[in-house]
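K.L.:
Going by the numbering used here, the first residue of the sequence shown is number 48, and it counts up by one from there. Ideal placement from N, C-alpha and C gives every residue a C-beta, glycine not left out. Computed from a prediction, not measured in an experiment: that's the story for all the values here. The structure's right below; bear with me while I get my questions together.
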Amino acid sequence: MIRNFILLVSCLLLLAACSSQNIDKEHLAYIENLGWTIQSFGSTEQVTLALAPETIASYKDATINFMEAYIGKEVTVTSYTLKEKDPENDHLIVYIYEYQGEIIGAVGKIPNATPGIFNPANKEELAI
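Rendered as structure tokens:
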């Protein structure tokens, strides 16, 4: 019985370590500084930033203004699920953009909303 309990606790600790293992310390500090809490790591990918004019306009409407300066450049995009939820009880998502190892900005995503993007720096303006 005790052996099974120790095995269960060990597995839970391993799972907890794996889920927080991929959270970059700089990203964590950046997001927490904006008033958000990261729940889990999503993914990381390298992309060449290419946005249609209407997409750029949507970002500007959401006061996300850093993207245009990096069109055509290779950036790293890392996603995280936040602990905060929208009114439909879905977790919000944040995408952190980096260029040459430096954070250049972030974009928030509200699942099941169109366009569903927001500037994570404007948390107080978001009605959640």
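What's the gap between the Cα of residue 152 and the Cα of residue 113?
P.N.:
Taking the first residue of the sequence shown as position 1, residue 152 is located at position 105. Taking the first residue of the sequence shown as position 1, residue 113 is located at position 66. The alpha-carbon atoms of residue 152 and residue 113 are separated by roughly 6 angstroms.
K.L.:
So residue 111 packs on residue 125, CB below 8 angstroms; how close in whole Å?
P.N.:
Against the sequence shown, residue 111 aligns to sequence position 64. Against the sequence shown, residue 125 aligns to sequence position 78. Rounded to the nearest angstrom, the Cβ distance from residue 111 to residue 125 is 16 angstroms, too far for a contact under 8 angstroms.
K.L.:
What ranges does the beta strand (DSSP E) occupy inside the segment 84-135, keeping only unbroken runs of at least 3 residues that lie completely in it?
P.N.:
85-95 and 121-132
K.L.:
Would you decide whether residue 78 is buried or exposed? Buried here means 16 or more other CB atoms lie within 10 Å of its CB.
P.N.:
For this step, residue 78 is matched to residue 31 along the sequence shown. Buried, because 16 or more other Cβ atoms sit within 10 Å of the Cβ of residue 78.
K.L.:
Please name the residue, chosen from 146, 173, 87 and 102, that lies closest to residue 129 on a Cα-to-Cα basis.
P.N.:
The sequence position of residue 129 within the sequence shown is 82, counting from 1. Comparing Cα-Cα distances from residue 129 to each of 146, 173, 87 and 102, the minimum goes to 87.
K.L.:
What does the Cβ neighbour count give for residue 85, buried or exposed, with the cut at 16 atoms within 10 Å?
P.N.:
The sequence position of residue 85 within the sequence shown is 38, counting from 1. Residue 85 should be labelled buried.
K.L.:
Since residue 168 sits in a beta bridge, which residues does DSSP pair it with?
P.N.:
As a first step, residue 168 is located in the sequence shown; it is residue number 121 there, counting from the start. As DSSP reads the structure, residue 168 sits in no beta bridge.
K.L.:
Classify residue 166 as buried or exposed, calling it buried when 16 or more other Cβ atoms lie within 10 Å of its own Cβ.
P.N.:
Taking the sequence shown and counting its residues from 1, one reaches residue 166 at position 119. Taking all protein chains shown into account, residue 166 has 16 or more neighbouring C-beta atoms within 10 Å of its C-beta and is therefore buried.
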